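Protein chains in written order, with this note's numbering: chain V, 1 to 142; chain P, 1001 to 1142. All C-beta atoms, glycine included, are put in the ideal place defined by N, C-alpha and C. None of the values given here were measured: they were computed from a predicted structure. Read through the structure below, which is laid out as structure tokens, and then see the notes.
There are 2 protein chains.
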Amino acid sequence: MILSKSCEYAIRASVFVASKSQKKQRVGINEVSEAIGSPRAFTAKILQTLVRKNILSSAKGPAGGFYLERSDSLHLIDIVRATDGNGLFISCVLGLRACSDTQPCPMHKQVKPIRDQLLTEFSNKPISDFVADLESGKYHLK
Amino acid sequence: MILSKSCEYAIRASVFVASKSQKKQRVGINEVSEAIGSPRAFTAKILQTLVRKNILSSAKGPAGGFYLERSDSLHLIDIVRATDGNGLFISCVLGLRACSDTQPCPMHKQVKPIRDQLLTEFSNKPISDFVADLESGKYHLK
DNA sequence: ATAATAAAGGACAAATTTGTCTTCTATTAA
DNA sequence: TTAATAGAAGACAAATTTGTCCTTTATTAT
């Protein structure tokens, strides 16, 4: 697994919220967890942190729910960083603290471009792309 | 983190054992954990599983310890597979079970070559390379 | 045979991740 | 202003990963 379970849920939930947001709709946590096939309460926690980190927005009360304001600027990398942090892109494969460009472990040279590529792909992937593919039925969220 | 802590320890321990094995020496668990800066008992468990999976060999009793027989054929990928399994190279980024080449998630096309590249680098990296770099002082195991 | 050595194995414990449940707070509408 | 709705927040629990400790088993040398 490249990403944590929390991060997978976070991405799928955000895509679903983004999709509904395009149609000016807010979605409740029940609808979200049902749509992406994830545990309801756990997903609520994850969305909570996404809201706290300004990835998503939410409103309480009737006609409330989750929605997306920054739908253009939001990219996959934002969600990954918010839930899993930056470790995937920087921490040494062997777990050596000293490892760096100037003091590389024996895998550093080989792994760095791969990680950079992953970072690039994640950075260049807008959530709107996920929404488009979802709505044209190219894949399902669970 | 790309690899689990167990896997990081497994790699570093194997490199240390391989290094000593080249000099026809066996090493005890104390020496190993001291050399790589890992918890002794936990490392013992990890080496146990590596022995069970025929990555390393071991001998009990005085003058016993861990050693490496297949030092030429052993590659990084073998240790990664033995401890973390194959998930890093196959499981969907979004955690979708349906995801595959024929039914790809929106990141599949982008991530696949990256994972394949990682697999290739891991597969083409013999442990003897780690040993060589270690002995020429290019890096340290903790 | 016996003692010493060192890995194997099992039970247990801490930490982290994943997941649940209940109560609190804010918002809306009647 | 009250009732209903829905997210926020906190305490708790299960599962997994990481880590410890103690006993057993195998080997070697005396």
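**OP:** Taking all protein chains shown into account, decide if Ile1029(P) is buried (16 or more other Cβ within 10 angstroms of its Cβ) or exposed.
**Re:** In the second sequence, residue 1029(P) corresponds to position 29, counting from 1. Ile1029(P) should be labelled buried.
Original post:
Got a sec? Which residues, its chain only, sit under 6 Å from Lys1053(P) by beta carbon, not counting five neighbours each side?
Top reply: If you number the second sequence from 1, residue 1053(P) lands on position 53. These residues qualify, in order along the chain: Ala1082.
Original post:
On the three-state DSSP scale, how would you describe Val146(V)?
Top reply: No information on residue 146(V) is available, as it lies outside the stretch 1 to 142 that chain V covers here.
Original post:
In the structure shown, what three-state DSSP assignment does Ala59(V) receive?
Top reply: For the purposes of this step, residue 59(V) is taken as residue 59 along the first sequence, with counting starting at 1. Looking at Ala59(V) - three-state DSSP - the assignment turns out to be strand.
Original post:
With DSSP run on the structure shown, which of helix, strand or coil describes Tyr67(V)?
Top reply: For this step, residue 67(V) is matched to residue 67 along the first sequence. In this structure, Tyr67(V) counts as strand in the three-state DSSP scheme.
Original post:
Going by C-alpha distance, which of Leu96(V), Glu8(V), Leu88(V) and Phe66(V) is nearest Leu119(V)?
Top reply: In the first sequence, the residue the question calls residue 119(V) occupies position 119. Of all alpha-carbon atoms in Leu96(V), Glu8(V), Leu88(V) and Phe66(V), the one lying nearest the alpha-carbon of Leu119(V) is that of Leu88(V).
Original post:
What do you reckon, are the CB atoms on Ser1128(P) and Asp1078(P) nearer than 8 Å?
Top reply: For the purposes of this step, residue 1128(P) is taken as residue 128 along the second sequence, with counting starting at 1. For the purposes of this step, residue 1078(P) is taken as residue 78 along the second sequence, with counting starting at 1. No, they are not a contact pair.
Original post:
What span of residues does the alpha helix (DSSP H) with Ser1006(P) cover, start to end?
Top reply: For the purposes of this step, residue 1006(P) is taken as the residue at position 6 of the second sequence. Unbroken alpha helix (DSSP H) run through Ser1006(P): Lys1005 to Gln1022.
Subject >> Under 8 Å between C-beta atoms of Ile114(V) and Gln1117(P) >> reply: In the first sequence, counting from the first residue as 1, residue 114(V) sits at position 114. In the second sequence, counting from the first residue as 1, residue 1117(P) sits at position 117. Yes, these two residues count as a Cβ contact at 8 Å.
Subject >> Nearest-angstrom Cβ-Cβ length linking Val1027(P) and Val1015(P), presumed shorter than 8 Å >> reply: Looking up residue 1027(P) in the second sequence gives position 27. Looking up residue 1015(P) in the second sequence gives position 15. Actually they are not in contact, since the Cβ atoms of Val1027(P) and Val1015(P) sit about 12 Å apart, beyond 8 Å.
**OP:** In the DSSP assignment, find the alpha helix (DSSP H) that holds Ile90(V) and state where it starts and stops.
**Re:** For the purposes of this step, residue 90(V) is identified with residue 90 of the first sequence, where counting begins at 1. Its alpha helix (DSSP H) spans residues Gly87 to Ile90.
Subject >> Rounded C-alpha distance that separates Val93(V) from Leu1074(P) >> reply: In the first sequence, counting from the first residue as 1, residue 93(V) sits at position 93. In the second sequence, counting from the first residue as 1, residue 1074(P) sits at position 74. Near 18 Å, if we compare the C-alpha coordinates of Leu1074(P) and Val93(V).
Original post:
Less than 8 Å separating the beta-carbons of Thr1049(P) and Tyr1009(P)?
Top reply: Taking the second sequence and counting its residues from 1, the one referred to as residue 1049(P) is at position 49. Taking the second sequence and counting its residues from 1, the one referred to as residue 1009(P) is at position 9. In this structure, Tyr1009(P) does not lie closer than 8 Å to Thr1049(P) by Cβ.
**OP:** Measure the C-alpha to C-alpha separation of Ile1046(P) and Leu134(V) and round it to an integer number of angstroms.
**Re:** Sequence index remark: in the second sequence, residue 1046(P) carries index 46 (1-based). Sequence index remark: in the first sequence, residue 134(V) carries index 134 (1-based). C-alpha separation (whole angstroms): 43 Å.
Original post:
DSSP three-state call for Pro113(V): helix, strand or coil?
Top reply: Within the first sequence, the letter at position 113 stands for residue 113(V). Looking at Pro113(V) - three-state DSSP - the assignment turns out to be helix.
Subject >> Cβ-based burial, Lys1060(P) [other Cβ within 10 Å; buried from 16] >> reply: Along the second sequence, one-based indexing puts residue 1060(P) at 60. Classification for Lys1060(P): exposed.
Original post:
Taking DSSP as the reference, what is the three-state secondary structure of His1108(P)?
Top reply: Position 108 of the second sequence, counting from 1, holds the residue named residue 1108(P). In the structure shown, His1108(P) sits in a helix (DSSP, three-state: H, G or I).
Original post:
Between Lys1142(P) and Ile1036(P), which are expected to be in contact by the criterion C-beta below 8 Å, what is the C-beta distance as a whole number of angstroms?
Top reply: The count along the second sequence starts at 1 and reaches residue 1142(P) at position 142. The count along the second sequence starts at 1 and reaches residue 1036(P) at position 36. Between Ile1036(P) and Lys1142(P) the Cβ distance is about 5 Å, and since that is below 8 Å, they are a contact.
Original post:
Would Leu47(V) count as contacting chain P if we go by Cβ distances under 8 Å?
Top reply: Looking up residue 47(V) in the first sequence gives position 47. No, its Cβ sits nowhere closer than 8 Å to a Cβ of chain P.
**OP:** Take the Cβ of Ser1033(P) as the centre, count every other Cβ of all protein chains shown within 10 Å, and call the residue buried at 16 or more, exposed below.
**Re:** By one-based count along the second sequence, residue 1033(P) stands at place 33. Counting Cβ neighbours within 10 Å, Ser1033(P) comes out buried, since at least 16 surround it.
Original post:
Would Ser1021(P) pass as a contact of Tyr1067(P) if the rule is Cβ separation under 8 Å?
Top reply: Walking along the second sequence from the start, residue 1021(P) turns up at place 21. Walking along the second sequence from the start, residue 1067(P) turns up at place 67. Cβ atoms of Ser1021(P) and Tyr1067(P): closer than 8 Å.
Subject >> Spatially closest choice to Phe1130(P) from Cys105(V), Ser58(V) and Arg40(V), by CA coordinates >> reply: Along the second sequence, one-based indexing puts residue 1130(P) at 130. Considering only alpha carbons, the answer is Cys105(V).
Original post:
Does the ligand GTP have even one heavy atom less than 7 Å from the beta-carbon of Met107(V)?
Top reply: In terms of ligand content, the structure shown is empty, and the ligand GTP therefore cannot be addressed.
**OP:** Mark Gly1064(P) as exposed unless 16 or more other C-beta atoms lie within 10 angstroms of its C-beta, in which case mark it buried.
**Re:** As a position in the second sequence, residue 1064(P) is number 64, starting the count at 1. Exposed, by the Cβ-count rule.
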